[in-house]
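Protein chains in written order, with our numbering: chain A, 1 to 194; chain B, 195 to 388; chain C, 389 to 582; chain D, 583 to 776. Notes to accompany the following structure.
4 protein chains.
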Amino acid sequence: MKKDKPKYRQIIDAAVVVIAENGYHQAQVSKIAKQAGVADGTIYLYFKNKEDILISLFQDKMGHFIERIEEQIAGKERAVEKLLVMVESHFTMLSQDRHLAIVTQLELRQSNKELRLKINEVLKGYLSLVDKILVEGKENGEFSGNLETRLARQMIFGTMDEVVTTWVMNDQKYDLPSLAPSVHQLLISGCKAD
Amino acid sequence: MKKDKPKYRQIIDAAVVVIAENGYHQAQVSKIAKQAGVADGTIYLYFKNKEDILISLFQDKMGHFIERIEEQIAGKERAVEKLLVMVESHFTMLSQDRHLAIVTQLELRQSNKELRLKINEVLKGYLSLVDKILVEGKENGEFSGNLETRLARQMIFGTMDEVVTTWVMNDQKYDLPSLAPSVHQLLISGCKAD
Amino acid sequence: MKKDKPKYRQIIDAAVVVIAENGYHQAQVSKIAKQAGVADGTIYLYFKNKEDILISLFQDKMGHFIERIEEQIAGKERAVEKLLVMVESHFTMLSQDRHLAIVTQLELRQSNKELRLKINEVLKGYLSLVDKILVEGKENGEFSGNLETRLARQMIFGTMDEVVTTWVMNDQKYDLPSLAPSVHQLLISGCKAD
Amino acid sequence: MKKDKPKYRQIIDAAVVVIAENGYHQAQVSKIAKQAGVADGTIYLYFKNKEDILISLFQDKMGHFIERIEEQIAGKERAVEKLLVMVESHFTMLSQDRHLAIVTQLELRQSNKELRLKINEVLKGYLSLVDKILVEGKENGEFSGNLETRLARQMIFGTMDEVVTTWVMNDQKYDLPSLAPSVHQLLISGCKAD
DNA sequence: AATGAATGAGCATTCATTCAT
DNA sequence: AATGAATGAATGCTCATTCAT
């Protein structure tokens with residue numbers, strides 16, 4: 001299995017660094033190869049083409065992302081708590097890997113429509129995790145029975161994404177994880193005063 | 195003033211059509227010129243370079259966008275109502291200009307970081323409109339006094355953006371404006387059951 | 389019409405020189421552009437791609453070739469004379485353009501199958517000229533009525549081609565046109581003693 | 583002697599198949615290795631480089647070719663008969679090995695000038711066989727004493743080659759050996775009516 | 001002898017921008 | 001003001017060959 005060989009990860013990790021530091025359009029294959037410490041041609045022993053590096057990168061990183069969040073959530077009983085853990089994990093993981101944050105929030109969005117569609121496929125795994133929490137919350141009465149799952153999911157994901165993107169655009173100069181409780185509070189109670 | 199000459203708008207409108215129909219990376223200057231009915235070189239009499247077309251496009255369209263919303267809001271007393279009008283207007287205007295929706299939600303995001311920073315500058319006008327509503331709501335007791343304006347604004351904008359993007363990605367095949375009340379409800383009351 | 393513009397011929401003539409002097413596989417587009425005194429990109433204003441240069445080159449040169457031979461032949465009454473004129477013209481024209489001879493006999497044959505098929509299309513014009521002479525000769529009794537036109541044409545073309553190729557491979561170091569009478573004699577009378 | 587080891591022939595035979603089925607430019611060393619059932623590196627234990635495979639292939643196959651024709655000719659008395667046997671054998675052997683026919687008539691001609699010069703060296707053995715027949719024929723009065731051996735040989739070889747190439751280009755869809763008598767007749771008597 | 005992972009040089013083509021007319 | 005022909009920099013990928021095992 002190619003994915004288990006050390007060079008596979010070397011190249012993916014190199015791609016994250018190169019894209020974060022040079023930007024999507026300045027991340028030439030030769031730069032990635034150099035950063036990974038392999039020859040240009042070696043890239044093509046592990047990836048079909050340049051796009052394949054980027055998709056694999058996203059699948060690989062996002063796969064870990066979702067797994068971690070699932071693990072964290074597993075220990076919690078209530079949907080509200082699960083949502084808090086999710087926001088915290090989301091913010092924490094991205095703030096712990098500054099390069100990855102830049103790549104996912106800014107650079108990878110410059111890819112063409114085709115690649116973005118493939119990225120969206122990967123994201124669906126995350127979105128259905130959100131859905132599961134929402135349905136659970138509705139069933140056990142934590143959330144309103146009238147809550148439209150799809151819209152609520154879009155609010156949750158859209159909000160987290162916007163918060164992280166703003167943080168990255170501001171050069172990650174404030175602490176992201178500490179915003180999690182407030183964001184969580186916002187998501188579960190909205191703007192309205194009690 | 196160049197911006198008042200007819201060719202200025204011709205070119206901007208041509209850019210919207212060409213980008214929406216061909217995608218950001220297939221929107222060559224020569225295509226835009228052809229669509230606008232001018233020679234390639236003429237573009238450079240009205241715009242400094244290609245990036246300048248895109249920024250001007252965004253400024254122009256977003257300018258109208260904000261003006262319209264300000265007009266609509268002006269007639270309303272309460273922050274909650276103003277927020278509803280804003281969501282409604284946002285959804286309605288984008289659903290009335292399919293090309294513009296594609297360009298702002300999908301295509302322009304493929305631009306490089308530099309251009310996106312400039313686009314964000316333009317967006318600030320919109321975001322401060324949101325802020326104004328939030329502050330007003332906090333002052334008159336509609337919204338919690340503890341509400342963190344910045345985060346709430348990110349939730350509001352992030353949610354609307356995500357809802358519109360999902361709608362565009364689904365080929366605009368359902369009615370967007372009719373989602374406004376639910377989205378508004380979500381934003382003001384969150385997920386939590388009463 | 390692009391073909392009438394001076395740069396069109398400049399580029400084709402440059403291609404002949406570059407291919408003859410560097411060989412087919414060392415004839416990069418940038419070399420052709422430099423030889424033609426234009427920018428690389430200019431090539432693509434006149435030709436679809438590199439292959440298109442080569443096909444156009446062959447069509448252009450072979451077009452002249454056939455026209456000239458047709459003119460020469462027009463003045464002759466008998467098929468045997470026409471054949472002589474054809475062999476003489478064929479040999480003379482190629483010996484007058486050493487670069488072209490190298491390109492048609494050695495270099496262009498290294499092209500891929502697809503290009504060679506297109507080249508063969510162009511050659512058909514020449515081959516049917518041979519056929520016309522053969523049919524005429526059969527009708528007026530100069531050639532045997534049993535002569536199989538297709539095979540005879542293959543003998544004539546195959547012989548001329550082999551003679552020219554051998555001459556090119558020997559660095560064009562002997563006089564080609566002076567072989568025409570003997571080759572003509574061979575073609576019309578074969579090996580057999582009278 | 584490397585040439586006597588089984589893998590030497592395995593690789594040559596694999597090269598013929600791979601080139602015939604994929605074309606000269608798509609016949610990568612790795613494909614030949616795979617077809618031969620050996621590792622890429624093993625090729626280089628038996629051949630100096632890729633070009634060496636092709637020259638060896640040609641030497642090997644053409645060696646058999648000439649040997650066979652020499653055997654067939656040995657039984658004949660007269661030059662005219664020998665020529666007939668040669669044409670028949672030439673056509674028969676190539677029509678019995680479709681892959682080899684494609685390789686020698688179409689694919690190997692795409693090689694670079696250098697390789698083609700080496701191939702010509704190998705061909706000289708065949709050409710001198712033709713010369714021998716011609717000289718013999720001139721000596722015993724079958725052929726005209728004025729016959730220029732070199733040109734006659736070029737006619738004979740050029741004609742056979744053109745006939746075979748045309749047959750290959752037409753997908754070998756008619757019977758080649760049955761053309762031998764007519765071609766032979768043409769070669770010995772030319773176009774002229776008796 | 002045999003393997004096959006690794007190497008790295010080399011090139012056609014696009015397109016934003018210019019400038020002579 | 002307007003044109004559009006000309007420019008030229010910039011890059012992903014292939015594949016013959018090597019060499020440590």
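Yeah, the Cβ is synthetic: ideal placement off N, Cα and C, and Gly gets one too.
Asked	Found
DSSP beta-bridge partners of Phe-157 of chain A	DSSP, once it has assigned bridges, lists no residue as partnering Phe-157 of chain A.
The stretch 151-161 of chain A contacting the stretch 181-189 of chain A, beta-carbon criterion three pairs below 8 Å	yes
Distance between Lys-2 of chain A and Val-765 of chain D (C-alpha atoms, nearest Å)	59 Å
Closest by C-alpha distance to Arg-486 of chain C, when choosing among C:Gln-560, C:Leu-535, C:Ser-516 and C:Phe-453	C:Gln-560
Buried versus exposed, by CB contacts within 10 Å (16 or more), Lys-82 of chain A	buried
Local conformation of Phe-531 of chain C per DSSP, three classes	strand
Pairwise C-alpha distance: Lys-307 of chain B and Lys-318 of chain B	16 Å
Whole-Å CB distance - Leu-140 of chain A paired with Ala-74 of chain A, under 8 Å assumed	First, the amino acid is wrong: residue 140 of chain A is Asn here, not Leu. Rounded, the Cβ-Cβ distance is 16 Å, inconsistent with contact.
Per DSSP, the bridge partner or partners of Lys-173 of chain A	Its beta-bridge partners do not exist; DSSP assigns none.
Start and end residues, alpha helix (DSSP H) containing Thr-674 of chain D	661-678
Nearest to Arg-344 of chain B (by Cα), restricted to the options A:Gly-145, A:Val-164 and A:Glu-142	A:Val-164
Val-38 of chain A, enclosing alpha helix (DSSP H) - first and last residue	Here Val-38 of chain A belongs to no alpha helix (DSSP H), and DSSP marks it neither H nor E.
Proximity test, Cβ basis, 9 Å: Thr-166 of chain A and chain B	yes
From D:Leu-697, D:Leu-711, D:Ile-701 and D:Lys-643, residue whose alpha carbon lies closest to that of Glu-652 of chain D	D:Leu-711
Simplified DSSP assignment, three categories, for Lys-580 of chain C	strand
Residues of the stretch 727-739 of chain D whose Cβ lies closer than 7 Å to any Cβ of chain C, in chain order	Leu-729, Glu-730, Leu-733, Ala-734, Gln-736, Met-737 and Phe-739
Leu-311 of chain B classed as buried or exposed, judged by whether at least 16 other C-beta atoms fall within 10 angstroms	exposed
Contact the stretch 232-251 of chain B vs the stretch 203-210 of chain B: 3+ CB pairs below 8 Å	yes
For Val-404 of chain C and Val-510 of chain C, believed in contact at Cβ under 8 Å, the rounded distance	Not confirmed; about 15 Å, so no contact.
Three-state secondary structure (DSSP) of Ser-764 of chain D	helix
Min CB distance Leu-100 of chain A to chain B below 9 Å	no
Beta carbon proximity, Glu-495 of chain C to chain D, threshold 9 Å	yes
Under 8 Å by beta carbon: chain B residues contacting Glu-67 of chain A	Within 8 Å Cβ-Cβ: nothing; Glu-67 of chain A doesn't reach chain B, min ~24 Å.
Coarse secondary structure for Asn-702 of chain D, derived from DSSP in three states	helix
Alpha-carbon spacing of Gln-299 of chain B relative to Gln-266 of chain B, whole angstroms	23 Å
Rounded separation between Ser-638 of chain D and Leu-57 of chain A - CA only	46 Å
Extent of the continuous alpha helix (DSSP H) run through Asp-440 of chain C	438-462
C-beta atoms of Ser-483 of chain C and Pro-569 of chain C nearer than 9 Å	no
Cβ-based neighbour list, Ile-601 of chain D, same chain, cut-off 6 Å, excluding 5 preceding and 5 following	Ala-609, Val-685 and Glu-689
Nearest candidate by alpha-carbon position, reference Glu-633 of chain D, set D:Lys-720, D:Arg-691, D:Phe-673 and D:Lys-589	D:Arg-691
His-258 of chain B burial status per 10 Å Cβ neighbour count (16 or more: buried)	exposed
Assigned secondary structure, Lys-584 of chain D (DSSP; H/G/I helix, E/B strand, else coil)	helix
Short CB-CB distance (under 9 Å) between Tyr-412 of chain C and chain D	yes
Under the three-state DSSP convention, the category Gly-525 of chain C falls into	helix
Neighbour flag for Asp-586 of chain D against chain C, beta carbons, 9 Å	no
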